[in-house]
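Asker: Take any residue in the sequence shown, note its place counting from 1, add 268, and you have its number in this note's numbering. Quick one: the structure is below, and I'll ask about it shortly.
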Amino acid sequence: MRRKSAFSLGVLLFALTALAVCLRGAAAEPVEIPRSFPAGSYTMNQEYFSSLIRTLAGVKETFQERINLYWRVTVEPADAGTEMTLELRRATYLSRDAHQWIRPETFDTDTHGATEEAEAVYRLLRSATIKITFDAAMVVVKIEGAAPLCEKLSEYAEKVRLAAVAAGMLDERSLTDSYAQLTFLLPQGKVSAGDHWNSSVALTLPLTGRTDVTWQTEFLKDETVGSDRLATLAGHCHLMLDDLTSVTTDLTAVYNTADGLNTELTTRSVVTRTETKTVNDQDWELRTVGMVQGSQTISRYGR
Numbered sequence: 269m270r271r272k273s274a275f276s277l278g279v280l281l282f283a284l285t286a287l288a289v290c291l292r293g294a295a296a297e298p299v300e301i302p303r304s305f306p307a308g309s310y311t312m313n314q315e316y317f318s319s320l321i322r323t324l325a326g327v328k329e330t331f332q333e334r335i336n337l338y339w340r341v342t343v344e345p346a347d348a349g350t351e352m353t354l355e356l357r358r359a360t361y362l363s364r365d366a367h368q369w370i371r372p373e374t375f376d377t378d379t380h381g382a383t384e385e386a387e388a389v390y391r392l393l394r395s396a397t398i399k400i401t402f403d404a405a406m407v408v409v410k411i412e413g414a415a416p417l418c419e420k421l422s423e424y425a426e427k428v429r430l431a432a433v434a435a436g437m438l439d440e441r442s443l444t445d446s447y448a449q450l451t452f453l454l455p456q457g458k459v460s461a462g463d464h465w466n467s468s469v470a471l472t473l474p475l476t477g478r479t480d481v482t483w484q485t486e487f488l489k490d491e492t493v494g495s496d497r498l499a500t501l502a503g504h505c506h507l508m509l510d511d512l513t514s515v516t517t518d519l520t521a522v523y524n525t526a527d528g529l530n531t532e533l534t535t536r537s538v539v540t541r542t543e544t545k546t547v548n549d550q551d552w553e554l555r556t557v558g559m560v561q562g563s564q565t566i567s568r569y570g571r
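See the structure below:
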């Protein structure tokens, strides 16, 4: 009887194990994600939200703003690399003050500007075309169209806040760093879900200039959506800009493992600065917290 019970228990354990394997599915094979942006037509939506909170002597000041950019993107092969053409189709902007009231300036390029200056910014953005050339390693080597656009936008920066924000986002340095993010987290070689690795990139930062930043990255998820195998990677970095200022950044990216297309990118950076200020002969802690959060989605045109 004991032998029979042991045999029955062994059969039961084997059956349960087999069932668990079937339910879970076979382990995915390690994958090497290409560094590329495949040729084709795309739509790209970008959203950026920023906030600044300053606290001194118990008084808090807050400012928030949000900008959305909607692009038509065309990617074509170039000499030993890739050329990307960006055409801005729509832009929206909204800002709020400490009391969460919407400021007088709201902006949407699908409508006409409320002032002559806003209308001029509307026309500039709707006519914007930027070309970015990447080498074979997806490093930006040339940008065309951004400098003259930003120069014209800067002429309206004092009266139209969107012009100032867009000029800062679309200058050549900002675009270079922005598109470098597409490859920040990519590993060297094949990886599987659950793997961890470190990678180092150079960024231009305030106070420190060109700085080597180390990302701690994890392969979070490996999944199949329709006919696409998607890999989700998450990275984290922390550094001190000086003795008073720290920066923490989290970056999550989703890649199509077949062609390397970065379909989703989200980033959140928090800058914290703590210092002492003297007010009415009394020392107070001045704490400034700035946060920038961005998301970018790319989909093939017509899908």
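Heads up, the beta-carbon is just placed ideally off N, CA and C, and yes, glycines get one too.
Below 8 Å on the Cβ atoms is my guess for Thr535 versus Gly562; work out the distance and round it to an integer in Å.
Answerer: Rounded, the Cβ-Cβ distance is 5 Å, consistent with contact.
Asker: Could you have a look at Arg310 and say whether DSSP puts it in helix, strand or coil?
Answerer: The identity of residue 310 in the sequence shown is Tyr, whereas the question assumes Arg. In this structure, Tyr310 counts as strand in the three-state DSSP scheme.
Asker: Apart from the five residues just before and just after Thr578, which ones in its own chain have a Cβ nearer than 8 Å to its Cβ?
Answerer: Residue 578 falls outside the range modelled here, since the chain spans only 269 to 571, and no answer is possible.
Asker: For Thr444, I'd like the list of residues in its chain whose CB is within less than 6 Å of its CB, leaving aside the five on either flank, ordered along the chain.
Answerer: Answer for Thr444: Val408, listed in chain order.
Asker: For Gln564, is the classification buried or exposed, using 16 other Cβ atoms within 10 angstroms of its Cβ as the cut-off for buried?
Answerer: Its Cβ being crowded by 16 or more others within 10 Å, Gln564 is buried.
Asker: Between the segment 335–354 and the segment 313–322, do three or more beta carbon pairs fall short of 8 Å?
Answerer: Yes: the two stretches touch, three or more of their Cβ pairs being nearer than 8 Å.
Asker: Which complete alpha helix (DSSP H) runs does the segment 433–485 hold, if anything under 4 residues is left out?
Answerer: Within the segment 433–485, the complete alpha helix (DSSP H) runs of at least 4 residues are 440–448.
Asker: Can you grab the Cα-Cα spacing for the pair Val493 / Glu532, in whole Å?
Answerer: The alpha-carbon atoms of Val493 and Glu532 are separated by roughly 14 Å.
Asker: Would you decide whether Tyr361 is buried or exposed? Buried here means 16 or more other CB atoms lie within 10 Å of its CB.
Answerer: Tyr361 is buried by the Cβ-count criterion.
Asker: Can you tell me where the alpha helix (DSSP H) with Ser422 in it begins and where it stops?
Answerer: Run containing Ser422: 414–422, per the alpha helix (DSSP H) assignment.
Asker: Looking at the secondary structure, which residues open and close the beta strand (DSSP E) in which Lys536 lies?
Answerer: Here residue 536 is Arg; the residue named in the question, Lys, does not match the sequence. That run of the beta strand (DSSP E) goes 530–547.
Asker: To the nearest angstrom, report how far apart Leu354 and Gly326 are at their CA atoms.
Answerer: Using only the alpha carbons, I get a separation of about 46 Å.
Asker: In angstroms with no decimal places, state the Cα-to-Cα distance between Met508 and Arg441.
Answerer: Roughly 22 Å separates the two Cα atoms.
Asker: Starting from the C-beta of Leu307, find all residues in its chain whose C-beta is less than 8 Å away, skip the five residues before and the five after it, and write them out in chain order.
Answerer: A small correction: the amino acid at residue 307 is Ala; Leu does not occupy that position in the sequence shown. Val343, Glu344, Pro345, Thr350, listed in sequence order.
Asker: Between Asp510 and Glu419, what straight-line distance do the alpha-carbon atoms span, to the nearest angstrom?
Answerer: Looking at the two C-alpha atoms, the distance is approximately 32 Å.
Asker: Any idea if Tyr424 is buried or exposed, counting beta-carbon neighbours within 10 angstroms, 16 or more meaning buried?
Answerer: That one is buried.
Asker: Quick check on this structure: which residue in Ala405, Ala386, Tyr310, Gly436 has the alpha carbon closest to the alpha carbon of Pro416?
Answerer: Out of Ala405, Ala386, Tyr310, Gly436, Gly436 has the C-alpha closest to the C-alpha of Pro416.
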